[in-house]
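So the sequences go chain by chain: R and D.
For the first sequence, the numbering used here begins at 1 and goes up steadily by one.
For the second sequence, the numbering used here begins at 216 and goes up steadily by one.
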Amino acid sequence: MNIFRLSGDMTHLASVLVLLVKIHTIKSCAGVSLKTQELYALVFATRYLDIFTSYISLYNTTMKLIFLGSSFSIVWYMRHHKIVRRSYDKDQDTFRHYFLILPCFLLALLLNEKFTFKEVMWAFSLYLEAVAILPQLVLLQRTRNIDNLTGQYVFLLGAYRALYILNWIYRYLTEPHFVHWITWISGLVQTLLYADFFYYYFQSWKNNQKLHLPA
Amino acid sequence: CYQDTPKDEL
Numbered sequence: 001m002n003i004f005r006l007s008g009d010m011t012h013l014a015s016v017l018v019l020l021v022k023i024h025t026i027k028s029c030a031g032v033s034l035k036t037q038e039l040y041a042l043v044f045a046t047r048y049l050d051i052f053t054s055y056i057s058l059y060n061t062t063m064k065l066i067f068l069g070s071s072f073s074i075v076w077y078m079r080h081h082k083i084v085r086r087s088y089d090k091d092q093d094t095f096r097h098y099f100l101i102l103p104c105f106l107l108a109l110l111l112n113e114k115f116t117f118k119e120v121m122w123a124f125s126l127y128l129e130a131v132a133i134l135p136q137l138v139l140l141q142r143t144r145n146i147d148n149l150t151g152q153y154v155f156l157l158g159a160y161r162a163l164y165i166l167n168w169i170y171r172y173l174t175e176p177h178f179v180h181w182i183t184w185i186s187g188l189v190q191t192l193l194y195a196d197f198f199y200y201y202f203q204s205w206k207n208n209q210k211l212h213l214p215a
Numbered sequence: 216c217y218q219d220t221p222k223d224e225l
């Protein structure tokens, strides 16, 4: 565990908390893409298949349970909670998530560390995580007014990815044999997807204006 | 080079 990895995990945790605050306290999920949330639930379900079989640390198991629990409960709230679901921008959130799931699955069948069920699922979860933010970014671009919590949610997710890249550089330099091409390339692609959002986020922050993405 | 180590990242 290094400072980049820990900050990355904490930023990731913070992003989930921001979303839960929005849903629990404000009882609104306006501007949040259900498609992205469903993809994240699938990402965690397929990546953490080993949660009960290979123990790494209490920290690791706890975080996995938090990410699994939070992603599924967010999906449940957006789909079934009688107040929250009314604020869901269903007509705007039209990204077809199956178009992301299928190519990622085929890629995982071709590119994996070992051709076993667990390893293929693990590779699939990494490829899917890399593109899971796309429905959310599309929704943000369509939404006229992006509220602060939604903007912060996406910003924190992007920051988490950027910190993970620093973590990999640190681990590569300090740990012998730390080479994980699948993780690195999909992680890099994922971070690049945030570049455009980051640009407009910092612009609005610098000029003290409301975040607005150009169409 | 693939290391058969448990995946310790989230």
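Note that beta-carbon positions come from the ideal geometry of N, C-alpha and C, so glycine has one too.
Remember, predicted model here, so these are calculated numbers, not experimental data.
If you draw a straight line from the alpha carbon of residue i to that of residue j, how long is it in whole angstroms?
{"i": "L225 of chain D", "j": "A123 of chain R", "result": "13 Å"}
{"i": "K114 of chain R", "j": "V120 of chain R", "result": "7 Å"}
{"i": "L49 of chain R", "j": "H97 of chain R", "result": "22 Å"}
{"i": "Q141 of chain R", "j": "L211 of chain R", "result": "10 Å"}
{"i": "V18 of chain R", "j": "A130 of chain R", "result": "21 Å"}
{"i": "L34 of chain R", "j": "Y40 of chain R", "result": "10 Å"}
{"i": "R79 of chain R", "j": "Q136 of chain R", "result": "16 Å"}
{"i": "R5 of chain R", "j": "V189 of chain R", "result": "18 Å"}
{"i": "L128 of chain R", "j": "W205 of chain R", "result": "30 Å"}
{"i": "I83 of chain R", "j": "L111 of chain R", "result": "43 Å"}
{"i": "L58 of chain R", "j": "H24 of chain R", "result": "27 Å"}
{"i": "Y172 of chain R", "j": "V179 of chain R", "result": "7 Å"}
{"i": "F99 of chain R", "j": "W168 of chain R", "result": "29 Å"}
{"i": "I3 of chain R", "j": "M10 of chain R", "result": "10 Å"}
{"i": "M1 of chain R", "j": "F117 of chain R", "result": "28 Å"}
Given the structure, does residue i come close to the ligand ATP, in the sense that its CB is under 6 Å from one of the ligand's heavy atoms?
{"i": "V16 of chain R", "result": "Here there are no bound small molecules, and the ligand ATP is not part of this structure."}
Note down, in chain order, every chain D residue with its Cβ under 8 Å from the Cβ of residue i.
{"i": "K64 of chain R", "result": "L225"}
{"i": "W122 of chain R", "result": "K222"}
{"i": "N60 of chain R", "result": "D223 and L225"}
{"i": "F67 of chain R", "result": "L225"}
{"i": "D9 of chain R", "result": "L225"}
Thinking C-alpha only, which one of the options is nearest residue i?
{"i": "R164 of chain R", "options": "R:S73, R:I146 and R:T183", "result": "The sequence shown places Tyr at residue 164 of chain R, rather than the Arg named in the question. Minimum Cα distance to Y164 of chain R is reached at R:T183."}
{"i": "F197 of chain R", "options": "R:I146, R:L173, R:P176 and R:N167", "result": "R:I146"}
{"i": "N208 of chain R", "options": "R:I185, R:P214 and R:N148", "result": "R:N148"}
{"i": "L139 of chain R", "options": "R:Y77, R:L213, R:S125 and R:P176", "result": "R:L213"}
{"i": "S186 of chain R", "options": "R:I133, R:F202 and R:L137", "result": "R:I133"}
{"i": "R161 of chain R", "options": "R:I51, R:L192, R:P176 and R:Q152", "result": "R:L192"}
{"i": "T94 of chain R", "options": "R:I66, R:T36, R:Q203 and R:Y170", "result": "R:T36"}
I want to see whether chain D comes within less than 7 Å of residue i, judged by CB atoms only; does it?
{"i": "I83 of chain R", "result": "no"}
{"i": "I56 of chain R", "result": "yes"}
{"i": "L42 of chain R", "result": "no"}
What in chain D is Cβ-close to residue i, meaning under 7 Å?
{"i": "W205 of chain R", "result": "What W205 of chain R touches in chain D: nothing, since even the nearest Cβ is about 28 Å away."}
Could you check how far apart the C-beta atoms of residue i and residue j are, in whole angstroms? I think they sit under 8 Å.
{"i": "L20 of chain R", "j": "S70 of chain R", "result": "6 Å"}
{"i": "S15 of chain R", "j": "L156 of chain R", "result": "4 Å"}
{"i": "T143 of chain R", "j": "G31 of chain R", "result": "5 Å"}
{"i": "Y199 of chain R", "j": "G151 of chain R", "result": "The pair is not a contact, with the Cβ atoms about 13 Å apart (cut-off 8 Å)."}
Could you list which residues in chain D have their beta carbon closer than 9 Å to that of residue i, in chain order?
{"i": "F4 of chain R", "result": "In chain order: nothing, as chain D lies at least about 11 Å away."}
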